[in-house]
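Visitor: Structure below; questions to follow.
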């Protein structure tokens, strides 16, 4: 038989479903959600669903930003600090009018993007390792946040904390709308040449360079675009907490990384996506409320989160093995 | 094409590994001596002594983390391990400082390292995630067994060890020196050390050469866990008690000191003397910054800035960029127009 005309066998579509890390995250999410619903009154009411979205959205958007960085094969330890910085910048102003809020937010975005650019510059053009650079910027941002607000306090503009946490038309959570917008943004980003280049660099940087991609520029831009997402996450975080806290970064950092890992994005780069990371964020916050609903002492929440993290990664790699086995049949 | 001239001069000296490590020690020395300008209270023997004592708490985890990074992995669980070990030390060893209790704590530490190792080698979970998850789990365990309240006592023998003196020099100074010698020997001279370098440089080749890669990786994580645990004990002796979050402030500096000490984050290269030097350097900076009397925020900012400075200072690319910038500036003649390419060639 002529090898050129022999068609590759189509893998059974059932097995093919399993090779997607995002799907595993989806299944995990649904199982935890069903446990949650069966243990909570009014679980499906608008009020509780709105609360769920409000509690998850900052983590989810931050995870999207971090996903972009991880996809390119990079690393970003400064996620938590940038969000905290945005938070204290907003809370220290407590803007009342739309005009004040507008200029406040503009300033926040400029600063956060500038720091993202600094990250990108040192990583892409000076060649310092991402983990080391972002470690340094993380500490610097922590410092700036403490200078702006030495101790927790301040007040977030009511336009933000009540405006962004309520519902449209009485039933649609604004946080959900924002999440849809972010997902749309991501879908568009993936289709630009920039998005494709990010995946390419993450998969194999040397090949990408030889294929003519300007790796340094793309790597630089990755950190800038990611910081854009962090800025939005910072605004949503402020909406959720309604005050400023310069000390919150380390726990948040761990959760963002956990969300990205649960979502199926590979840490070497090249594989994964934002949808999974958003699901990962949802799983982590949902887990917290579910454990509470079931009656597990809150002392043990982090143990469960850690176990889920390991489980989801193991399941993810297991599923891609099944997928490859399915394709070879 | 712009000439990549980075092969001569100062930057090359720093590129050489031992030149780099020597440079860190010299830089730290200059920093401490130079701080005398700021105030006569600075740069004194007692300040140097306190810097070394504080550094001694860091060098042990720097060793453990260094071995793990040498393999190309990361151990993020050491923060919680320090806290757990501290809590167990304060709870068990304060009231019953027996070898039995000590041994039990070590066993727990070995178990943690073993779990990390198994997850990373057998379950193929990336080390970043595995140790991140363990950090969460161990923190939860510590919280669970103490129900939030930790006994505020410390074992007498540890207190004597960490605050005592021998020949009027604080004992921790000796701990640091001994650790520096032993650690460098283990990492660079011992067979285990050689195997670690090999696996870190090229895991596949090491595997094909017959090295028991999974076993060695697990051993490294066990060592890291024990080092973190011992640090927790030392901390309890030094500060007289334990808290649930005492280990959190040691995680990121442990990575920082290994990276600044010259080890590659990707594994395969590094020298423990560099890590020790970096630990002293970082402690010196934070001590001097603290003594300057600036607010907490500015202290933190300058600390991070110094780290970035040191890291980029030793990158060849920085000099290439600077040189290209210089050429660009020289490429503008007095009327502000760019010189022709021949004239630029003449400058170079």
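Protein chains in written order, with the numbering used here: chain A, 247 to 575; chain B, 837 to 1184.
Backbone N, C-alpha and C fix where the C-beta goes; we use that ideal spot for every residue, glycine too.
Since the model is a prediction, treat every value here as computed from it, not as a measurement.
Please confirm whether residue 386 (chain A) has its beta-carbon closer than 8 angstroms to some beta-carbon of chain B.
Guide: Along the first chain, read from residue 1 onward, the residue named residue 386 (chain A) stands at position 140. Taking Cβ atoms only, chain B reaches closer than 8 angstroms to residue 386 (chain A), which makes this a yes.
Visitor: Please work out which residues of its chain come closer than 8 angstroms, Cβ to Cβ, to residue 531 (chain A), disregarding the five sequence neighbours upstream and downstream, and give them in chain order.
Guide: Residue numbering aside, residue 531 (chain A) sits at position 285 when the first chain is read from its first letter. Only 298, 301, 302, 305 meet the Cβ criterion.
Visitor: Using Cβ-Cβ distances below 7 angstroms, what residues of the segment 1058-1090 of chain B are close to chain A?
Guide: Listed in sequence order: 1084, 1088.
Visitor: Roughly how many angstroms lie between the CA atoms of residue 554 (chain A) and residue 1038 (chain B), to the nearest whole one?
Guide: Within the first chain, the letter at position 308 stands for residue 554 (chain A). Within the second chain, the letter at position 202 stands for residue 1038 (chain B). Spanning the two alpha carbons is a distance of roughly 31 angstroms.
Visitor: Leaving out five residues before and five after residue 838 (chain B) in sequence, what residues of the same chain have Cβ atoms less than 6 angstroms from its Cβ?
Guide: Your numbering for residue 838 (chain B) matches position 2 in the second chain. Because the pLDDT of residue 838 (chain B) is 44, which lies under 50, any placement of that residue in the model is unreliable, and the question is left without a value.
Visitor: Measure the beta-carbon distance from residue 962 (chain B) to residue 513 (chain A) and round it to whole angstroms, keeping in mind my assumption that it falls under 8 angstroms.
Guide: If you number the second chain from 1, residue 962 (chain B) lands on position 126. If you number the first chain from 1, residue 513 (chain A) lands on position 267. Their Cβ separation, rounded to whole angstroms, is 5 angstroms, which keeps residue 962 (chain B) and residue 513 (chain A) in contact under 8 angstroms.
Visitor: What's the call for residue 1144 (chain B), buried or exposed, on a 16-neighbour Cβ count within 10 Å?
Guide: To locate residue 1144 (chain B), count along the second chain from 1; it is residue 308. Burial call: buried.
Visitor: Expressed to the nearest angstrom, what Euclidean distance is found between the alpha-carbon atoms of residue 320 (chain A) and residue 1024 (chain B)?
Guide: As a working note, residue 320 (chain A) is residue 74 in the first chain. As a working note, residue 1024 (chain B) is residue 188 in the second chain. Cα to Cα, residue 320 (chain A) sits roughly 29 angstroms from residue 1024 (chain B).
Visitor: In the DSSP assignment, what are the bridge partners of residue 508 (chain A)?
Guide: Position 262 of the first chain, counted from the start, is the residue given in the question as residue 508 (chain A). Answer is none; residue 508 (chain A) lacks a bridge partner.
Visitor: Classify residue 621 (chain A) as buried or exposed, calling it buried when 16 or more other Cβ atoms lie within 10 Å of its own Cβ.
Guide: An answer regarding residue 621 (chain A) cannot be provided, because it is not within the stretch 247 to 575 covered by chain A.
Visitor: Whose CA, out of B:1158, B:1162, B:1142, lies closest to the CA of residue 389 (chain A)?
Guide: Against the first chain, residue 389 (chain A) aligns to sequence position 143. The shortest C-alpha separation from residue 389 (chain A) is found at B:1142.
Visitor: Here's a check: name, in chain order, each residue in its chain whose Cβ is nearer than 6 angstroms to the Cβ of residue 1170 (chain B), leaving out the five neighbours to either side.
Guide: Within the second chain, the letter at position 334 stands for residue 1170 (chain B). Any reading at residue 1170 (chain B) must be qualified, since the residue scores a pLDDT of 48, below 50, and its modelled position is unreliable; the value itself is stated next. Once the five neighbours on either side are set aside, residue 1170 (chain B) has no close Cβ partner at all.
Visitor: So the candidates are B:1122, B:1103, B:1091, B:1050; which of them puts its Cα closest to the Cα of residue 913 (chain B)?
Guide: On the second chain, position 77 is the one that residue 913 (chain B) refers to. Nearest option by C-alpha distance: B:1091.
Visitor: Apply the 10 Å Cβ neighbour rule to residue 426 (chain A) and answer buried if 16 or more other Cβ atoms are within range, or exposed otherwise.
Guide: As a working note, residue 426 (chain A) is residue 180 in the first chain. Result: exposed.
Visitor: Using a threshold of 8 angstroms, state whether the C-beta atoms of residue 922 (chain B) and residue 1071 (chain B) are closer than that.
Guide: The sequence position of residue 922 (chain B) within the second chain is 86, counting from 1. The sequence position of residue 1071 (chain B) within the second chain is 235, counting from 1. Yes.
Visitor: Within its chain, find whatever has a CB closer than 6 angstroms to the CB of residue 1020 (chain B); leave out the 5 residues flanking it on each side and keep chain order.
Guide: As a working mapping, residue 1020 (chain B) is identified with position 184 in the second chain. Contacts found: 1108, 1109.
Visitor: With a threshold of 8 angstroms between beta-carbons, can residue 1095 (chain B) be considered close to chain A, or not?
Guide: Mapped onto the second chain, residue 1095 (chain B) falls at position 259. Closer than 8 angstroms: yes.
Visitor: Taking only beta-carbon atoms, is residue 998 (chain B) less than 8 angstroms away from chain A?
Guide: What you label residue 998 (chain B) is simply residue 162 of the second chain in a count that begins at 1. Not one chain A Cβ lies under 8 angstroms of residue 998 (chain B).
Visitor: Using a cut-off of 9 angstroms between C-beta atoms, extract the partners of residue 546 (chain A) located in chain B.
Guide: Stepping through the first chain from its first residue, residue 546 (chain A) is reached at position 300. Those within 9 angstroms of residue 546 (chain A) in chain B are 976, 977, 979, 980.
Visitor: Check residue 418 (chain A) in the structure and name its three-state DSSP category.
Guide: Looking up residue 418 (chain A) in the first chain gives position 172. Strand at residue 418 (chain A).
Visitor: Check the DSSP bridge columns for residue 413 (chain A) and list the partner residues they point to.
Guide: Here residue 413 (chain A) refers to the residue found at position 167 when the first chain is read from its first residue. Answer is A:419.
Visitor: Taking Cβ positions, are residue 1185 (chain B) and residue 909 (chain B) nearer each other than 8 angstroms?
Guide: The question about residue 1185 (chain B) has no answer here: the residues shown for chain B are numbered 837 through 1184.
Visitor: With 8 angstroms as the threshold, decide whether the Cβ of residue 962 (chain B) is near any Cβ in chain A.
Guide: By 1-based counting over the second chain, the position of residue 962 (chain B) is 126. At least one chain A Cβ lies under 8 angstroms of residue 962 (chain B).
Visitor: Specify whether the segment 495-511 of chain A and the segment 339-354 of chain A touch according to this definition: at least 3 beta carbon pairs, one from each stretch, less than 8 angstroms apart.
Guide: Contact between the segment 495-511 of chain A and the segment 339-354 of chain A is absent, because fewer than three Cβ pairs lie under 8 angstroms.
Visitor: If you run the structure through DSSP and keep just helix, strand and coil, what is residue 1101 (chain B)?
Guide: As a first step, residue 1101 (chain B) must be located in the second chain, where it is residue number 265. The answer is coil: DSSP assigns residue 1101 (chain B) none of H, G, I, E or B.
Visitor: Look at residue 459 (chain A) and residue 479 (chain A) and say whether their C-beta atoms are less than 8 angstroms apart.
Guide: The count along the first chain starts at 1 and reaches residue 459 (chain A) at position 213. The count along the first chain starts at 1 and reaches residue 479 (chain A) at position 233. Result no, Cβ atoms of residue 459 (chain A) and residue 479 (chain A) do not sit closer than 8 angstroms.
Visitor: What are the residues of the segment 1130-1154 of chain B that lie near chain A, defined by any Cβ-Cβ distance shorter than 8 angstroms?
Guide: Listed by position along the chain: 1131, 1132, 1133, 1134, 1135, 1136, 1137, 1138, 1139, 1140, 1141, 1143, 1144, 1147, 1148, 1151, 1152, 1153, 1154.
Visitor: Strictly below 9 angstroms CB to CB, what residues from chain B border residue 393 (chain A)?
Guide: Start at 1 with the first residue of the first chain, and residue 393 (chain A) comes out as number 147. Neighbours of residue 393 (chain A) on chain B, chain order: 1131, 1132, 1133, 1134, 1136, 1137.
Visitor: Under the assumption that residue 477 (chain A) contacts residue 295 (chain A) (Cβ atoms under 8 angstroms), give the Cβ distance between them as a whole number of angstroms.
Guide: Here residue 477 (chain A) refers to the residue found at position 231 of the first chain. Here residue 295 (chain A) refers to the residue found at position 49 of the first chain. Not quite, the Cβ-Cβ distance comes to about 26 angstroms (not below 8 angstroms), so this is no contact.
Visitor: Between residue 1113 (chain B) and residue 1106 (chain B), how many whole angstroms is the CB-CB distance? I'm expecting something under 8 angstroms.
Guide: On the second chain, position 277 is the one that residue 1113 (chain B) refers to. On the second chain, position 270 is the one that residue 1106 (chain B) refers to. In fact, because the Cβ distance is near 12 angstroms, the residues do not count as touching under 8 angstroms.
Visitor: Is any beta-carbon of chain B found at less than 8 angstroms from that of residue 470 (chain A)?
Guide: Reading the first chain from its first residue, position 224 is the one you call residue 470 (chain A). It does not; no Cβ of chain B falls within 8 angstroms.
Visitor: In terms of DSSP beta bridges, what is residue 1048 (chain B) paired with?
Guide: By one-based count along the second chain, residue 1048 (chain B) stands at place 212. DSSP, once it has assigned bridges, lists no residue as partnering residue 1048 (chain B).
Visitor: Check the Cβ of residue 390 (chain A) against every Cβ in chain B and list those closer than 8 angstroms, keeping chain order.
Guide: In the first chain, the residue the question calls residue 390 (chain A) occupies position 144. Here the neighbours are 1133, 1137.
Visitor: Quick check: what's the CA-CA separation for residue 371 (chain A) versus residue 363 (chain A)?
Guide: Mapped onto the first chain, residue 371 (chain A) falls at position 125. Mapped onto the first chain, residue 363 (chain A) falls at position 117. The straight-line gap from Cα to Cα measures roughly 11 angstroms.
Visitor: For residue 1098 (chain B) and chain A, any beta-carbon pair shorter than 8 angstroms?
Guide: As a position in the second chain, residue 1098 (chain B) is number 262, starting the count at 1. False, the Cβ-Cβ gap to chain A never drops below 8 angstroms.
Visitor: When you compare only the Cα positions, how much space is there between residue 1013 (chain B) and residue 1036 (chain B)?
Guide: The residue you call residue 1013 (chain B) lines up with position 177 of the second chain. The residue you call residue 1036 (chain B) lines up with position 200 of the second chain. Spanning the two alpha carbons is a distance of roughly 27 angstroms.
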